[in-house]
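Comments concern the structure below.
2 protein chains.
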Amino acid sequence: MLRISKLTDYGTVVLAHLAASRSERVSANEVAAATGLGLPTVSKLLKTLARSGLVASTRGAQGGYQLARDAASISAADVIDALEGPVSITECSAHDSHCGLEATCSVGNAWQRINVAIRRALTEITLADLLRNHLPTPRFEFAGTPINVESAKHK
Amino acid sequence: MLRISKLTDYGTVVLAHLAASRSERVSANEVAAATGLGLPTVSKLLKTLARSGLVASTRGAQGGYQLARDAASISAADVIDALEGPVSITECSAHDSHCGLEATCSVGNAWQRINVAIRRALTEITLADLLRNHLPTPRFEFAGTPINVESAKHK
DNA sequence: TTTAAATAGTACTAAAATGGTCCTCTTTAT
DNA sequence: ATAAAGAGGACCATTTTAGTACTATTTAAA
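Chains A and B, in that order, are what the protein sequence lines are. Position one of the first sequence corresponds to residue 32 (my numbering), numbered consecutively onward. Position one of the second sequence corresponds to residue 32 (my numbering), numbered consecutively onward.
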């Protein structure tokens, strides 16, 4: 449910690597090698992240990428926005015939509010948080069945 | 970003209609007519919702559906779980070669925490909330550009 | 007891999103 | 000049999603 795309997930990994290489310029190649992701994929991600201003790029030989701002001021919401675009939680195909006059629009409104709530949560977590994560991994219930965090984590 | 599927959205509409028809048994046909959604789609949704226990079904002539419990005790999280299954926010294709020893796993952990936060938000909003929604529709910024709520709502 | 109105379950198909790769162009240090 | 980078697309395969259809089962009512 409500999952972010694999690309966004990878994007976080890439950004985390940049954050770890404190302000030193890193090439896409190096990032790929360090993270184990494919070069074309990493390259694509970095290009997108550069276009949306999260990383700064330097072209030419000895070029590369670095975080455009401090890791503490890049939120999870920023990353998602950059890689998945500002699409709202509901899409609403909006065929004119659909959605009579009843409770329907109310529902749309409610999803918007949910959206705001989620967004707040995403804004509160920064890249810096992602790095200092020697917190105990919380075990939590998910739809009744407990999720095995191991299998959900990057291996 | 982070959007729920159209089906889940429709599911909410369907549930809202059931909630509005206070405990009277409603057939899939009636729901379809009332909401403007296609009968096969509504039918499929109701079957799924029944299987996951959110609605109770009665078979045979004069049969139909009704909410299994009070609208106030059905959360948005319940609806999403029922219609999209308990998939975590990150999928993590987990090819063994990927994800070196570095910051990667940290990232996974962080997404899990984000997941918890989102889940809390989703659990706090109930079907009952979805119904009493004559709240002013909030206009809010989304990734810099203000979202036109009209186009995001059901039309 | 037959019939028709319903749901249950599942399979299938078309369309859209996603992930991943590749190619060409531009920039720049050496 | 050359080679090492990034910029920007185009492209295709795979998966997901949405929607439909079909068959079986249940049950109220004629």
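Backbone N, C-alpha and C define an ideal beta-carbon position, used for all residues, glycine too. Remember, predicted model here, so these are calculated numbers, not experimental data.
Whole angstroms is fine: what's the gap from residue i's alpha carbon to residue j's?
i                : j                : result
Leu85 (chain A)  : Ser106 (chain A) : 10 Å
Leu114 (chain A) : Leu38 (chain A)  : 7 Å
Ala81 (chain B)  : Ser104 (chain A) : 45 Å
Ala152 (chain B) : Gly91 (chain B)  : 39 Å
Leu33 (chain B)  : Ser54 (chain B)  : 33 Å
Asn146 (chain A) : Ala148 (chain B) : 13 Å
Pro71 (chain A)  : Trp142 (chain B) : 24 Å
Ser52 (chain B)  : Glu155 (chain B) : 23 Å
Once the 5 residues before and after residue i are set aside, which same chain residues still bring their CB inside 8 Å of it?
i                : result
Arg56 (chain A)  : Thr89, Gln93, Gly94, Gly95, Tyr96, Gln97
Ala99 (chain A)  : Gly84, Leu85, Val86, Ala87
Ser36 (chain B)  : Leu114, Glu115
His48 (chain A)  : Val57, Val62, Ala65, Thr66
Val45 (chain B)  : Val62, Thr66, Leu68, Val73, Leu76, Leu77, Leu80
Thr157 (chain A) : Ala102, Ala103, Ser104, Ile105, Ser106, Ala107
Can you find the residues in the same chain that come closer than 7 Å, C-beta to C-beta, to residue i, ignoring five residues on each side of it along the sequence?
i                : result
Ser74 (chain B)  : Ala59
Ile111 (chain B) : Ile35, Thr39, Leu153
Ala134 (chain A) : Residue placement at Ala134 (chain A) is poorly supported in this model, since its pLDDT is 40, which falls under 50; the coordinates still yield a value, given next. Contacts found: none.
Thr43 (chain A)  : Val110, Leu161
Arg150 (chain B) : Ala108
Ala50 (chain A)  : Leu98, Ala102, Leu158, Leu162
Tyr41 (chain A)  : Leu68, Thr72, Leu76
Which residues mark the beginning and the end of the alpha helix (DSSP H) in which residue i is found?
i                : result
Gly42 (chain B)  : 37-51
Leu114 (chain B) : 107-115
Thr157 (chain A) : Where Thr157 (chain A) is concerned, there is no enclosing alpha helix (DSSP H), given that its DSSP letter is neither H nor E.
Ala64 (chain A)  : 59-66
Assuming residue i is part of the beta strand (DSSP E), what are its boundary residues?
i               : result
Leu85 (chain A) : Segment: none, Leu85 (chain A) is in no beta strand (DSSP E) and carries neither H nor E.
Gly69 (chain B) : Here Gly69 (chain B) belongs to no beta strand (DSSP E), and DSSP marks it neither H nor E.
Leu98 (chain B) : 95-98
Counting only the same chain and skipping the five closest in sequence on each side, list residues whose C-beta sits under 6 Å from that of residue i.
i                : result
Ala159 (chain A) : Ala102, Ala103
(request) Closer than 9 Å, Cβ to Cβ, to anything on chain A: give me those residues from the region 103-114 of chain B, in chain order. (result) Ala107, Ala108, Asp109, Ile111, Asp112, Ala113, Leu114
(request) Taking only beta carbons into account, state which residues of the region 32-66 of chain A come closer than 7 Å to chain B, listed in chain order. (result) Met32, Leu33, Arg34, Ile35, Lys37, Asp40, Thr43, Val44, Ala47, His48, Ala51, Ala65, Thr66
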